[in-house]
Structure formats: C-alpha cells, structure tokens
Amino acid sequence: MTSNVSNALLTAASADPSAQIVTIDPATGAELARYDAMAPGDVERTLAAVHGAAGQWAATSVAERAALLRSLAAVLRGDADRLAALATAEMGKPLAEARGEVLKSATTAEYYAEAGPALLANAPVDLDTPEVEAWVAQEPIGVVLAVMPWNFPIWQVMRAAIPIVMAGNGLLLKHSPNVTGSALAMREAFVAAGFPADLVGVLVVAEPDVPQTIDGLIADPSVAAVTLTGSNRAGAAVGAAAGRAAKPSVLELGGSDPFVVLADADVAAAAAAGVKARFHNAGQSCVCAKRFVVHADVAQEFTRRFIEGARALVLGDPTDAATQIGPLARADLREVLQRQVDESVAAGAELAAGGRPVDGPGCFYEPTVLTGTGPGMAVFDEETFGPVAAIAVARDDDHAVELANATEFGLGLSVWSASTDHALAVARRITSGAAFVNAIVASDPRLPFGGTKRSGYGRELAAPGLLAFSNSRTFWVAR
1 MTSNVSNALL TAASADPSAQ IVTIDPATGA ELARYDAMAP GDVERTLAAV HGAAGQWAAT
61 SVAERAALLR SLAAVLRGDA DRLAALATAE MGKPLAEARG EVLKSATTAE YYAEAGPALL
121 ANAPVDLDTP EVEAWVAQEP IGVVLAVMPW NFPIWQVMRA AIPIVMAGNG LLLKHSPNVT
181 GSALAMREAF VAAGFPADLV GVLVVAEPDV PQTIDGLIAD PSVAAVTLTG SNRAGAAVGA
241 AAGRAAKPSV LELGGSDPFV VLADADVAAA AAAGVKARFH NAGQSCVCAK RFVVHADVAQ
301 EFTRRFIEGA RALVLGDPTD AATQIGPLAR ADLREVLQRQ VDESVAAGAE LAAGGRPVDG
361 PGCFYEPTVL TGTGPGMAVF DEETFGPVAA IAVARDDDHA VELANATEFG LGLSVWSAST
421 DHALAVARRI TSGAAFVNAI VASDPRLPFG GTKRSGYGRE LAAPGLLAFS NSRTFWVAR
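Note that the sequence shown covers residues 1 to 479 in UniProt numbering.
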C-alpha cells in the first residue's frame, strides 16, 4: 500500500491506535486503505525533520535544484499510470483526467527546471554611481506549510511543491484525508527523484485535530510561511493565523466563475466548450465555469445546445475509458449539491436536466442544468462543487457584466465573442484573477494563477509562484 518511507512515518504515528484515517473509493463505496493518524509528537518530529532538511537544502545550488526537478519530471512520467490509478481510486475522477494531472505536474517541474535559475538569479540594480554596487538576491525562507484539497490530488500538491522546493525551501504537506495515499505518493516521488528524504514531509492528521494542528504549526517558529487551497472557512482561519504570526501566506479559495456568451459569439463553439468547462472533474474544480451568463439574443440556442451536450455525457465507472464523469469524491459533497439544487428550484429556477443522485453504490450525481437562475439563488450565489450548471439570461452587455460581477468570488472568467476587442472590453469590466477569451479557463505553469475578492490572494505558478516564498534580499556594497 505504501513504500518503506511512508510506512516508517505511519508506524511512528501509532500512539493512538484508535485514531485512523480511512480512504473510500467514491465509485463503489469500498474501503481502500487505513492509515494511523499522527499524535502531536509525531507532527512535531515530522516538522523538525523537514526543518533540518530545509536548512541543508537552502545551501544547494540553483543548478542542482533544477537537475533534481528534471529527475522528478522523469519519475512522474514513468509512474504516471500508477499515480493516476491511485488518484482515481481515492477521489473518483476518470483515469484520463488523473493521468493528465500527473503529466501536467511533470511539465511544471520541467518548466521550473528551465526557467527557475534565471528567475532566482541576482538582479543588479544600476544606481548610476561608481561608488556603490547593488543587487537583489532571492533567498530561501525555510519550511512552507501547504494545506491542499482533494479535487486534484496530484496537481494541487505539485503546483505548490515544485516552485517551493526550487526556491530552496522545505515543504510540510497536509493533504485532505480522503487522498492520503496520494499525499504519501507525492513524498515518495520526491525521494525517488533524489531530493533529500525529509525535504518533503507529510502530515497524516485525523479530521477533528486539523484546525488546532494547523493553527499550532503556523505559530511555530520552524514554519516560515503557509499556502492553502480550499474553502473560504479554511482560508479565513489560515489567513488569520498567518496574520497573527506575521508570516507570508497564499490563499486560493475557490470560485463561481462566470462564462459569458455575448450576442456575436459562435454559439455552437461556446456551448460545446461550456459543457467541457463545467463538467470536467465532475464539476469539482475551483476554475470550472459555474454560472453561464448568456445574451438574450442567443440564449435559446445556447441553452438547447448546452443541455444536449450535458445529457450526452457518459457517467460511470471512472476506470472505464468511455466514462466522462465519475462520482463526486464524498457523500457529503453530494448532499450539499442536492441542497443547492433544491433551494434554487424552490426559488424559481427551472430544472432542465438532471437534478438527482444516481441510484446505486458510489456518490454519482446526474449532470444537471438549471435555467432561469440569478442572484438570490443558491446555484448562483454559492460555489457549486459538482456537475450542476446555472444559466442566466442577460438583456445586454451591461446586464451581463452586472450578473457576472454579482458574486463574492473572483477567480476565473471566460468571455465568448466573434470580436476580440468586444470580448476584452466586457472582460475588463468583470473582476477576476484571470480572463480567457474564446477559451476555457485553465492553469498553466507559465502564467500566474490566483484570485480576487473571496477567491483569495497571492499567486501560484510562473515567476510569482516561485518568488512568493522567497526572500527578496537587497545587497548594497560601497566601494
């Protein structure tokens, strides 16, 4: 089930044999594995080990770090099938999507291996005087605590971990309990690539103990910074703890992304892309399109095409190559989704497709489309983390902007129009961390990723993701 490295960690965490984390296959409801939860002493020892390794790692050259990232990319590519199968078993996504996560992580490691040395190089500053030489150096800060969610068990970890270690830091990972196997596998991948054995540490913490454990770790002097991807509730707690400790933090807190279709859009292309944008990963993504704001002139055609596309999706066994939508990751997530659908219908939305759990084992939910939605309805106001799409009709561009902005979130935005200038003019009036024109919102290691408003702050990936947990140190040398 786990390697010797992971087993050593789990064996040390057996102070309370009754405290266990059980992972469940959401497609069948079958138990996958059991892991002994760590006692406080085990957490402290894991942190101490990462802290010690980070101190030594900081002294390694940038070239050496880059070489090991290339090795990590090779490990991920070579083990892609096994890692994908593990992610699929633990959270239910189709195998092709899970494998895509692993390969994207490998690409990210290669990107930072190539771009990282230049980004971390000393930057001379010309002060226009021969008496002074000045430059800005990027230096490691120590141990970064990463609190990660379950929806992308591999990619979420790697998009944070890779730039963190490239910057010369250590990583202490607290992953979601239902993907504990994936968390341990990520640590093993770093070890297999040749990184120091304790540079990446994994915390296996029982759910009731997580808030207190995270709060204590952020306050601990051995932790230099924290990054979190997760709920607003978790983000508020972590952000507050980081503020009290005066430590850097990056928060990515989800979204309710608008997908805006203007009157001059290619409706067929927009509808086809919209189905992919909403139902990828069974709708369990922060950057899934969730609210479809469609100009009245094309609303009827778009809605018809979108509903047809949603109904044509193949839902089933995520290990079957024909499957496009697997189960939701947990039963409680399906219950929340059903509540959002029921409340919205009660508030006046029309159920155009789906709307119910699928009978039988597992946590499957029908691809669902609600029309006639708008502010004041749960599927419009809240983040829907599942295969539920909300369609709203806009009278004109101004109304489309108003509807798109009628949210407390601000992560991604997609605008569709035959005119790039038209689309950009609308996009600039809508608050988001990223705006995509005639394309589905996605993350790319070459581009900064993050949100505004209640979608969080700070940026991952690209240069900002590398420098987020680096000390920009000024050097001034008088001659």
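Glycine residues also receive a C-beta, built at the ideal position from the N, C-alpha and C atoms. Computed from a predicted structure; not experimentally measured.
Could you tell me the alpha carbon to alpha carbon distance between residue i and residue j, rounded to whole angstroms?
i           : j      : result
Ala353      : Thr420 : 32 Å
Phe190      : Ala106 : 12 Å
Gly181      : Val293 : 39 Å
Leu370      : Ala146 : 36 Å
Glu110      : Leu447 : 15 Å
Ala123      : Trp135 : 5 Å
Leu461      : Leu467 : 9 Å
residue 480 : Glu133 : Given that the chain is displayed from residue 1 to residue 479, the structure contains no residue 480 and the question cannot be resolved.
Ala346      : Thr373 : 11 Å
Thr474      : Phe152 : 37 Å
Asp266      : Arg428 : 21 Å
Ala463      : Leu173 : 22 Å
Asp42       : Ala48  : 10 Å
Arg459      : Ala273 : 26 Å
Leu10       : Asn471 : Confidence at Leu10 is low in this model, with a pLDDT of 33, below 50, so its placement is unreliable and the value that follows should be read with caution. Distance between the alpha carbons of Leu10 and Asn471 is about 34 Å.
Ser222      : Glu207 : 23 Å
Val388      : Thr46  : 40 Å
Asp257      : Ala87  : 25 Å
Val204      : Asp220 : 18 Å
Gly216      : Arg34  : 25 Å
Phe259      : Asp126 : 45 Å
Val275      : Ala137 : 46 Å
Ser285      : Thr303 : 22 Å
Pro40       : Gly376 : 44 Å
Could you round the C-beta distance between residue i and residue j to whole angstroms and report it? I think they count as a contact, below 8 Å.
i           : j      : result
Val144      : Phe469 : 5 Å
Ile289      : Ala277 : A quick correction: the sequence has Ala, not Ile, at residue 289. About 4 Å separates the two Cβ atoms, so the contact holds.
Gly239      : Pro149 : With a Cβ gap of about 16 Å, Gly239 and Pro149 do not count as contacting.
Leu262      : Val62  : With 8 Å as the limit, Leu262 and Val62 do not qualify as a contact, their Cβ atoms being about 46 Å apart.
Met166      : Leu69  : 6 Å
Ala59       : Leu199 : The pair is not a contact, with the Cβ atoms about 13 Å apart (cut-off 8 Å).
Ala67       : Pro117 : Contact flag wrong, Cβ pair sits at about 10 Å.
Val415      : Val437 : 6 Å
Ala37       : Ile21  : 6 Å
Ala282      : Gly360 : With a Cβ gap of about 16 Å, Ala282 and Gly360 do not count as contacting.
Ala168      : Pro140 : A quick correction: the sequence has Gly, not Ala, at residue 168. Confirmed, about 3 Å.
residue 488 : Gly170 : Lying before the first or after the last residue shown, residue 488 is absent from the chain, which here runs from 1 to 479.
Thr28       : Gly309 : Actually they are not in contact, since the Cβ atoms of Thr28 and Gly309 sit about 28 Å apart, beyond 8 Å.
What is the DSSP secondary structure of residue i, counted as helix, strand or coil?
i           : result
Val477      : strand
Ala193      : helix
Leu217      : helix
Leu253      : coil
Asp342      : helix
Trp57       : helix
Glu366      : coil
Ser105      : helix
Glu382      : coil
Ile307      : helix
Phe302      : helix
Glu44       : helix
Ala19       : coil
Val287      : coil
Ile141      : coil
Asp36       : strand
Glu114      : helix
Thr373      : coil
Ile154      : coil
residue 481 : The displayed coordinates of the chain run from 1 to 479. Any statement about residue 481 would go beyond what the structure contains.
Pro26       : coil
Gly170      : strand
Val336      : helix
Is the shortest distance between the beta-carbon of residue i and the beta-carbons of chain D less than 8 Å?
i      : result
Ile325 : Within the model displayed, chain D is absent; a lone protein chain is all it includes.
Every unbroken beta strand (DSSP E) within the segment 389-462, with a cutoff of 3 residues, ordered by chain
Listed in chain order, the complete beta strand (DSSP E) runs (minimum 3 residues) inside the segment 389-462 are 412-416 and 434-437.
Can you confirm whether the segment 321-336 touches the segment 78-98 when touching is taken to mean that 3 or more C-beta pairs between the two stretches lie within less than 8 Å?
yes
Would you check if the segment 450-457 and the segment 407-415 touch, i.e. whether three or more CB-CB distances between them fall below 8 Å?
yes
When the Cβ atoms of the segment 312-319 are set against those of the segment 183-200, are three or more pairs found closer than 8 Å?
no
Stretch pair the segment 293-302 + the segment 390-402: three plus CB contacts closer than 8 Å
yes
Alpha helix (DSSP H) runs contained entirely in the segment 233-284, provided each spans 4 or more residues
267-279
Are at least three pairs of beta-carbons, each pair with one atom in the segment 238-257 and one in the segment 332-345, less than 8 Å apart?
no
Any contact of the segment 210-230 with the segment 431-443, i.e. 3+ C-beta pairs under 8 Å?
Result no; under three Cβ-Cβ pairs closer than 8 Å.
Does the segment 152-164 touch the segment 205-223, meaning 3 or more C-beta pairs lie closer than 8 Å?
no
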